[in-house]
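Working notes, beginning with the structure itself.
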Amino acid sequence: MISVKKQRIAAIMVLSSIMLILLLSLNFRIWSGYYAEGDLESIVIQQMECLGKVK
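With our numbering, letter number 23 in the sequence shown gets 68, and the count goes up by one each step, no holes.
Below is the structure:
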C-alpha cells in the first residue's frame, strides 16, 4: 500500500501540472491575439450592426 505522504505528494504534483498546463494555454491564447480582436466593446458594436441599430 502506498503511504499517505506519497499519495499527497503525487496529488499535489498532478494538480500543479494541470494548473501549469492551463496557465500556459491561456498565455498562448493571449499572446496569439485570440482575445485582442474580441474585446467586449467590438463584440457589442458588431452585434448592434447586425441588428441594424448602428449606422
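Just so it is clear, CB atoms sit at the ideal spot from N, CA and C, and this is done for glycine as well. Owing to the predicted nature of the structure, the values given are computational and were not obtained by experimental measurement.
Could you tell me the distance, in whole angstroms, from the CA atom of A55 to the CA atom of F73? Residue numbering aside, residue 55 sits at position 10 when the sequence shown is read from its first letter. Residue numbering aside, residue 73 sits at position 28 when the sequence shown is read from its first letter. Whole-angstrom Cα-Cα distance: 27 angstroms.
Inter-residue spacing [alpha-carbon to alpha-carbon] between M58 and G97: Taking the sequence shown and counting its residues from 1, the one referred to as residue 58 is at position 13. Taking the sequence shown and counting its residues from 1, the one referred to as residue 97 is at position 52. Roughly 53 angstroms between the two C-alpha positions.
Three-state class that DSSP yields for M58 in the structure shown: As a position in the sequence shown, residue 58 is number 13, starting the count at 1. Reduced to three states, the DSSP call for M58 is helix.
Could you check what DSSP says for M64 in three-state terms: helix, strand or coil? Within the sequence shown, the letter at position 19 stands for residue 64. Residue state, collapsed to three classes: helix.
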